[in-house]
Every structure is written in structure tokens, then in C-alpha cells.
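Residue 11 in UniProt numbering sits at position 11 of the sequence shown, and the numbers go up by one each step.
The beta-carbon is built from N, C-alpha and C at its ideal position, and this holds for glycine as well.
Since this is a predicted model, take the numbers as computed values, not measurements.
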Amino acid sequence: MIAEWLGRIRDRYSIPSEYELHVPRSGQRAYDSFPSGFGLTLDALKAGLRFPLHLVIEACLSWWQISPSQMAPNSWRYMVAFLGECWGVAITPTRSLFLSCFRLSKGLGSYFLSPHEGFRVSEAPSNKKGWKSRYFFVSCNRGWGFSLRYCLGLSNDDHKQLEPLKGILATSRAIRDMTEEWLVEVGLSSVLRDTT
């Protein structure tokens, strides 16, 4: 049944066979790393994202140093509309031109696009809740023109530290049990105040 679902997605959105579609494993999230690929929401495809990715899309992802899985699905509409409108009026789209119209902002758990001041986008999409539950993974052996890492601007050394940190934070009680003594102990506060 799941293979049929991916087959329907491939057919409906004309995804070429060079792109492999994968079902998430149990416990795997849309933003988890995936060999030679990334998580993608069905909503991103509904918003107009297609494969192969347009060169301007790849250039923007590379410039921002984010993976497609980090982009809120509705933001893909801005990119797709920009590319389509440029084509319609014979303007050659470029990354610089796109970045002059839109800015990338960090949201809760994802990035989103919004128009720069002075640019109004008619019928701009609203944020759709629940999109992270409808995803799959896409891989391609030829590689991508952008980073597949989920984190912005990590060095290779920092990236190596990320996996152990995930395990540490997953079991940490620091947020719930945070005290001034603990803050002093870890070097975040220099003064232990008398609470009596």
C-alpha cells in the first residue's frame, strides 16, 4: 500500500525515475538526515515544487545553506510563482533577482519566505498546520547542487558533534530541573544568589 502511495505521487507530480522515493522508517522525521537525499512534504509538491529542481531553486538553497526539508511548504509557492512569472514576461530568473524580492526567515522548526518591503504578493498562502506528518524522502545518485545537512552553517567538526548532542539533549532533564546552582556549575552564571 505504501509503495502504491509513492507510485501515485511519482505519477501525479511527474517525478522522473532518476529520483528515488522512500517511505520514512518508524521514528524518522522529515528533517532527519537521509543518504543522498532529504525529506519532502507532499504539500511542497502541491505548492508546485517539481523535479529536477530549477537551477534558481538549487542556487538559493546553496546560498542559504539549507536543505529543502527545512523550507515550509507554502514558501515553495513564492519560488514557483516567481519562476513562472519571470518566464511569462521573458525575464531570466536569477538567485540575485529572487533574493531582491524575497527574504528567508527562521520560524519554529523551519524556514519561510516573505516578500521584501515594497513587494506585495497577491493571494499569498497561509501557513498550513500538520504538513510535517505528510512526507517522504527523495534521493538522487547524481547529487544535488546544495547541502543536504539540516543545520545552517555548521563546520565539519560541528556536524560530527551533532549526533552525540542529539542523544544527550533527548535525555536531558536540564530544562525541567534548571536551577541557579546548575547555571553556575555549567558556567552560565557567575553568582550564586542566596535564595533564603
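Contact annotation, PHE112 with CYS60: C-beta distance approximately 13 angstroms; criterion of less than 8 angstroms not satisfied. Using a Cβ distance threshold of 8 angstroms, LEU108 and PRO93 do not count as a contacting pair. Residue pairing for LYS106: DSSP places it in a beta bridge opposite TYR111. Assignment of GLY39 by DSSP, reduced to helix, strand and coil, places it in the strand class.
Within the same chain, and ignoring the five residues on either side of ALA72 in sequence, the residues whose Cβ sits closer than 6 angstroms to its Cβ are SER110, PHE112. With a contact defined as Cβ atoms closer than 8 angstroms, VAL138 and TYR19 qualify at about 5 angstroms. Here the C-alpha atom of ARG95 lies approximately 29 angstroms from the C-alpha atom of ARG134. Close CB contacts of GLN70 within its chain, under the 7 angstroms cut and outside five residues either way in sequence, are with TYR31, SER110, TYR111, TYR150 (chain order). DSSP places TYR78 in the uninterrupted alpha helix (DSSP H) bounded by 73–88.
For SER14 and GLU181, the gap between their C-alpha atoms comes out near 58 angstroms.
For LEU21, there is no enclosing alpha helix (DSSP H); the enclosing beta strand (DSSP E) covers residues 19–22. Boundaries of the alpha helix (DSSP H) around SER96: 95–101.
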